[in-house]
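What follows is one structure encoded as structure tokens, with my remarks underneath.
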Amino acid sequence: MSNKYRTHNCNELRKEHVDSDVVLSGWINKKRDHGNLLFIDLRDNYGITQCIIDKENLNFKEIEKIQLETVIRIEGKVVNRSNDTINNEIKTGEVEVGIKNFKVLGTCKELPLPVFSDQEYAEDIRLKYRFLDLRRKKIHENIILRSKVITFIRNEMNNLGFLEFQTPILTSSSPEGARDFLVPSRLNPGKFYALPQAPQQFKQLIMVSGFDKYFQIAPCFRDEDARSDRSPGEFYQLDLEMSFVEQEDVFNVVEKLLLNTFKKFSNKKILFEKFPKITYKDAMLKYGSDKPDLRNPLIINDITGIFLRDDVKFEIFKKLVKSGSMVRCILTKNTKDKPRSFFDNIDKWAKEQGTSGLAYFTFENEKELSGKGPVGKFFSKESLEEIMKLTGAEVGDSIFLACSKQKELEKITSLARDKIAQDLNLINNDVFAFCWIVDYPMFEIDDTNNKIEFSHNPFSMPQGNLENINFDKPLDILAYQYDIVCNGVELSSGAIRNHIPNLMYKLFSIAGYKKEVVDEKFSGMINALSYGAPPHGGIAPGIDRIVMLLADEKNIREVTMFPMNQNAQDLMMNAPSEVSEKQLKELDIYLKTKK
RNA sequence: GGGGGUGUAGCUCAGUUGGUUAGAGCGAUCGCCUGUCACGCGAUAGGUCGAGGGUUCGAGUCCCUUCACUCCCGCCA
Numbered sequence: 001m002s003n004k005y006r007t008h009n010c011n012e013l014r015k016e017h018v019d020s021d022v023v024l025s026g027w028i029n030k031k032r033d034h035g036n037l038l039f040i041d042l043r044d045n046y047g048i049t050q051c052i053i054d055k056e057n058l059n060f061k062e063i064e065k066i067q068l069e070t071v072i073r074i075e076g077k078v079v080n081r082s083n084d085t086i087n088n089e090i091k092t093g094e095v096e097v098g099i100k101n102f103k104v105l106g107t108c109k110e111l112p113l114p115v116f117s118d119q120e121y122a123e124d125i126r127l128k129y130r131f132l133d134l135r136r137k138k139i140h141e142n143i144i145l146r147s148k149v150i151t152f153i154r155n156e157m158n159n160l161g162f163l164e165f166q167t168p169i170l171t172s173s174s175p176e177g178a179r180d181f182l183v184p185s186r187l188n189p190g191k192f193y194a195l196p197q198a199p200q201q202f203k204q205l206i207m208v209s210g211f212d213k214y215f216q217i218a219p220c221f222r223d224e225d226a227r228s229d230r231s232p233g234e235f236y237q238l239d240l241e242m243s244f245v246e247q248e249d250v251f252n253v254v255e256k257l258l259l260n261t262f263k264k265f266s267n268k269k270i271l272f273e274k275f276p277k278i279t280y281k282d283a284m285l286k287y288g289s290d291k292p293d294l295r296n297p298l299i300i301n302d303i304t305g306i307f308l309r310d311d312v313k314f315e316i317f318k319k320l321v322k323s324g325s326m327v328r329c330i331l332t333k334n335t336k337d338k339p340r341s342f343f344d345n346i347d348k349w350a351k352e353q354g355t356s357g358l359a360y361f362t363f364e365n366e367k368e369l370s371g372k373g374p375v376g377k378f379f380s381k382e383s384l385e386e387i388m389k390l391t392g393a394e395v396g397d398s399i400f401l402a403c404s405k406q407k408e409l410e411k412i413t414s415l416a417r418d419k420i421a422q423d424l425n426l427i428n429n430d431v432f433a434f435c436w437i438v439d440y441p442m443f444e445i446d447d448t449n450n451k452i453e454f455s456h457n458p459f460s461m462p463q464g465n466l467e468n469i470n471f472d473k474p475l476d477i478l479a480y481q482y483d484i485v486c487n488g489v490e491l492s493s494g495a496i497r498n499h500i501p502n503l504m505y506k507l508f509s510i511a512g513y514k515k516e517v518v519d520e521k522f523s524g525m526i527n528a529l530s531y532g533a534p535p536h537g538g539i540a541p542g543i544d545r546i547v548m549l550l551a552d553e554k555n556i557r558e559v560t561m562f563p564m565n566q567n568a569q570d571l572m573m574n575a576p577s578e579v580s581e582k583q584l585k586e587l588d589i590y591l592k593t594k595k
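Shown next, in the form of structure tokens:
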């Protein structure tokens, strides 16, 4: 490509171009002004080319004064660099362009943040001037990576026989799940559309419509609070759904897709080529979480039984256990020589998390087996042997103990598992550890009001032979519901769907929804399922999180082009914003709070 | 809604026990410099110490209130 702005881009010129006349356009990345000799690093999307001019040139005085990040067009001749001035850091480093003529194409004011710098900047400035921030090397490359990953995934899905369809953005509000973003309808005063939290019902309807395999890089909207791995407002999923499949069929497709993607875009080793399957129940016990980081070798054990023994004198825990608490522990290998401060810091940290802290001791065998540390003396030799049997502990290992009710216990042991592994430097950052979490319960109980609720997706198929499901014990019903986790990040969530209307009504009734309510709120779905619905299932991996892992970033905004801040504001575009009285009137909306 | 962290020059930060006129690097402006690639050297400008209140002879520093950003909990079927 050659036009009035450029004959080459800023990453193209090599030795073979020496002596040719070229035109380059780009941003002034950096100037090095020697007074009578000036170097300009010209940058575009593709790379950097060093351009040079000296005082013999009539343009010298003028070009010397130009601000960094000004866009200029340069005419010049490609010249060789002498051996001692070759720059191997850049692709064009063997040559440079001797400037003959130049023109300013876009002027630049004094910069609110430097583009040429690896420093980190306050988030609000970066977001307000995102167009400048995006010029910076690391994030520029992240966004390009994101584009390439999406293209790759799209190709893979096409090759696997999936068809890409768009689904509506303006749809109806649904009672389950996250808060909806609402859009008022002008033509239907008093009524609202909702932005889709995910194309869940639509993708099932696509299956009912007979399309067999669907995918979409789908925008999803949820009005919930942000986290470092969770954008407020909107994010993207690789939404996919397949007809006439069992759970394993979905697993095979997604495992292959993720393996191919992660191998192509990262050099990190994949720890398990065949993703291990962990039941939800096991995950909550062994890792305290349904998104365990399997790079972390620490395992949680339940040793509640120990505290029923008469030869254990740890009265605080024993009393709590009698009133229904449990005791779980984390074992650290060969930590007998760690300083007291190591243990106390972890206990202190646990207290800062709002818990009663972590007790600990080390297994010792001086004269005979004993527990060393503040609570070690409470355990008899026999009880220590029993603990060693239960946990696989050996002399020289230490053990951290937490005692609490189940939910709180899971939370603190999960956090402690991460914290201890970090302190002991046990996590290998050069690997990806995938796993499936399977056998989610269909329902869970809400502590605050003792109400039975869907634990994940109300459209999931319960496990077991339909005649044998015991609906009287809803908390025991498992679902064909699964998650993929990688390095402790929840990557996707999916299920084999319930395509049987009567079973759907039954499950909704357990969660407290009458048939009429289901008919009204899920009319499209439930109606469609009554007209010959195929068995089907799918999953929806989060695109942003996949790219975040591939780019080795800890924050999702580093792989999002124009993210909102934590308060769901776009500081560059000033969204959300107030609207005119006229707009509100047309929508039949009256604001309660007025200035 | 709750908890933690941060807030000092355009940017990144330092600022001791409360004590004189609040500093550095980068950037900006001006000058010198013909082989740099984080060029070098010299000078100048640039501050509501997030905001408000309080304690004190004296507050960037201590106390209270508040705001912004961020991390976490809740929330995210």
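So in this note's numbering, the last one in the first sequence is 595, and the numbering has no gaps at all. For glycine and all other residues, C-beta sits at the position ideal for the given N, C-alpha and C.
Got a sec, what are the start and stop residues for the beta strand (DSSP E) Glu96 sits in? As a position in the first sequence, residue 96 is number 96, starting the count at 1. First-last of the beta strand (DSSP E) with Glu96: Val95 to Gly106.
Strictly by DSSP, which residues pair up with Ser20? In the first sequence, residue 20 corresponds to position 20, counting from 1. Answer is none; Ser20 lacks a bridge partner.
Can you pull the DSSP bridge partners for Leu331? As a first step, residue 331 is located in the first sequence; it is residue number 331 there, counting from the start. Beta-bridge annotation (DSSP): Leu331 is paired with Ile399.
Which partner residues does Gln481 have in the DSSP bridge list? As a first step, residue 481 is located in the first sequence; it is residue number 481 there, counting from the start. Beta-bridge annotation (DSSP): Gln481 is paired with Ala495.
Would you call the CB atoms of Ile420 and Thr332 closer than 9 Å? Taking the first residue of the first sequence as 1, we reach residue 420 at position 420. Taking the first residue of the first sequence as 1, we reach residue 332 at position 332. Cβ distance < 9 Å, so Ile420 and Thr332 count as in contact.
For Leu257, which residues in the same chain have their Cβ closer than 6 Å to its Cβ, ignoring the five residues on either side in sequence? Counted from its first residue, the first sequence places residue 257 at position 257. Spatial neighbours of Leu257 in its own chain (CB-CB distance under 6 Å, excluding positions within 5 residues in sequence) are listed in chain order as Glu156.
Please report the straight-line C-alpha distance between Thr596 and Asn87, rounded to a whole angstrom. The structure shown does not extend to residue 596, since the chain is modelled only from 1 through 595, so no value can be given for it.
Residue of His8, Ser172, Lys4 and Ser266 minimising C-alpha distance to Asp552: Taking the first residue of the first sequence as position 1, residue 552 is located at position 552. Taking only the C-alpha atoms, the option nearest Asp552 is Ser266.
Less than 9 Å between the C-beta atoms of Met242 and Tyr280, yes or no? Walking along the first sequence from the start, residue 242 turns up at place 242. Walking along the first sequence from the start, residue 280 turns up at place 280. Contact: no.
Could you check where the alpha helix (DSSP H) with Ser82 kicks off and where it finishes? To locate residue 82, count along the first sequence from 1; it is residue 82. Segment: none, Ser82 is in no alpha helix (DSSP H) and carries neither H nor E.
When we look at the beta-carbon of Leu384 and count the other beta-carbons within 10 Å, is it buried (16 or more) or exposed? For the purposes of this step, residue 384 is taken as the residue at position 384 of the first sequence. Per the 10 Å Cβ criterion, buried.
Considering just the uninterrupted stretch of the alpha helix (DSSP H) at Arg417, what are its terminal residues? As a position in the first sequence, residue 417 is number 417, starting the count at 1. Gln406 to Asp423 is the extent of the alpha helix (DSSP H) around Arg417.
Considering only residues of the same chain and omitting the five flanking positions on each side of Ala528, which have a CB-CB separation below 6 Å? Position 528 of the first sequence holds residue 528. Leu205 and Val208, listed in sequence order.
So, with DSSP's three-state summary, where would you put Phe60? Indexing the first sequence from 1 puts residue 60 at position 60. Phe60 sits in a helix when the DSSP states are folded into three classes.
As an exercise, report each continuous beta strand (DSSP E) stretch of at least 3 residues that is fully enclosed by the stretch 431 to 465, in chain order. Whole beta strand (DSSP E) segments, 3+ residues: 434 to 438, 443 to 445 and 452 to 454.
Would you say the stretch 347 to 359 touches the stretch 400 to 408, given that touching needs at least three Cβ pairs under 8 Å? With a cut-off of 8 Å, the stretch 400 to 408 and the stretch 347 to 359 count as touching, because enough Cβ pairs lie within range.
Can you list, in chain order, the residues of its chain whose CB lies under 6 Å from that of Lys318, leaving out five sequence neighbours each side? By 1-based counting over the first sequence, the position of residue 318 is 318. Cβ within range, chain order: Phe307.
Whose C-beta lies closer than 6 Å to the C-beta of Ile376 among residues of the same chain, with five residues either side of it excluded? As a position in the first sequence, residue 376 is number 376, starting the count at 1. Looking at the sequence itself, residue 376 is Gly, so the reference to Ile does not match. So the qualifying residues of the chain are Phe361.
Chain-order list of residues whose beta-carbon lies under 8 Å from that of Val18 (same chain, five-residue window excluded): As a working note, residue 18 is residue 18 in the first sequence. Exclusion of the five residues before and after Val18 leaves Val78, Val79, Asn80 and Val95 as the residues of its chain whose Cβ lies within less than 8 Å of its Cβ.
Would you mind reading off the limits of the alpha helix (DSSP H) that contains Ala528? Locating residue 528 in the first sequence gives position 528, where the first residue counts as 1. Counting along the chain, Ala528 sits inside the alpha helix (DSSP H) bounded by residues Ser523 to Leu529.
Over the uninterrupted beta strand (DSSP E) stretch that includes His8, give me the two end residues. Along the first sequence, read from residue 1 onward, the residue named residue 8 stands at position 8. For His8, there is no enclosing beta strand (DSSP E), since its DSSP letter is neither H nor E.
For Lys263, which three-state DSSP category applies? In the first sequence, the residue the question calls residue 263 occupies position 263. Reduced to three states, the DSSP call for Lys263 is helix.
With distances taken from CA atoms, which of Phe314, Pro501 and Lys372 is nearest Ala533? The residue you call residue 533 lines up with position 533 of the first sequence. The option with the nearest alpha carbon to Ala533 is Pro501.
Just to check my reading of the structure: Leu182 and Ala198 have Cβ atoms closer than 8 Å, yes? What is that Cβ distance to the nearest angstrom? Position 182 of the first sequence, counted from the first residue, corresponds to residue 182. Position 198 of the first sequence, counted from the first residue, corresponds to residue 198. Contact between Leu182 and Ala198 does not hold, since the beta-carbon distance rounds to 16 Å and is not under 8 Å.
Between the Cα of Lys176 and the Cα atoms of Leu240, His456 and Ile469, which residue gives the shortest distance? Numbered from 1 along the first sequence, position 176 holds the residue referred to as residue 176. This sequence places Glu at residue 176; Lys is not what is there. For the residues Leu240, His456 and Ile469, the minimum Cα distance to Glu176 belongs to His456.
Strand pairing of Trp27, partner residues [DSSP]: Position 27 of the first sequence, counting from 1, holds the residue named residue 27. Paired residue(s): Arg43 and Val71.
Run of the beta strand (DSSP E) containing Ala540, from where it starts to where it stops: For the purposes of this step, residue 540 is taken as the residue at position 540 of the first sequence. Per DSSP, Ala540 is one residue of the beta strand (DSSP E) stretching across His536 to Pro541.
Can you give the Cα-Cα distance for Met573 and Thr107, rounded to whole angstroms? Taking the first residue of the first sequence as 1, we reach residue 573 at position 573. Taking the first residue of the first sequence as 1, we reach residue 107 at position 107. Roughly 22 Å between the two C-alpha positions.
Grab me the residues of Ile604's own chain with a C-beta within less than 6 Å of its C-beta, minus the 5 sequence neighbours each way, in chain order. Past the edges of the chain, shown from 1 to 595, lies residue 604, and the structure says nothing about it.
Helix, strand or coil at Asp133 according to DSSP, with G and I counted as helix: One-based indexing of the first sequence puts residue 133 at position 133. Three-state DSSP puts Asp133 in a helix.
To test your reading of the DSSP string, which unbroken beta strand (DSSP E) runs of 3 or more residues are found completely within the stretch 178 to 218? Counting only runs that start and end inside the stretch 178 to 218, the beta strand (DSSP E) elements of at least 3 residues fall at 182 to 184 and 192 to 194.
Should Met525 go down as buried or exposed, given a rule of 16 or more other Cβ atoms within 10 Å for buried? Numbered from its first residue, the first sequence carries residue 525 at position 525. Within a 10 Å sphere around the beta-carbon of Met525 sit 16 or more other beta-carbons, which makes this residue buried.
Three-state secondary structure assigned by DSSP to Met504: As a first step, residue 504 is located in the first sequence; it is residue number 504 there, counting from the start. Helix, per DSSP.
What does DSSP give as the partner residues of Asn252 in its beta bridges? Taking the first residue of the first sequence as position 1, residue 252 is located at position 252. Asn252 pairs with nothing; no bridge assigned.
Would you kindly work out how many angstroms separate the C-alpha atoms of Arg179 and Ser173, rounded to a whole number? To locate residue 179, count along the first sequence from 1; it is residue 179. To locate residue 173, count along the first sequence from 1; it is residue 173. Annotation: Arg179 to Ser173 spans about 9 Å, alpha carbon to alpha carbon.
By how many angstroms is the C-alpha of Leu271 removed from the C-alpha of Ser325? Counted from its first residue, the first sequence places residue 325 at position 325. Counted from its first residue, the first sequence places residue 271 at position 271. A direct Cα-Cα distance of roughly 36 Å separates Ser325 from Leu271.
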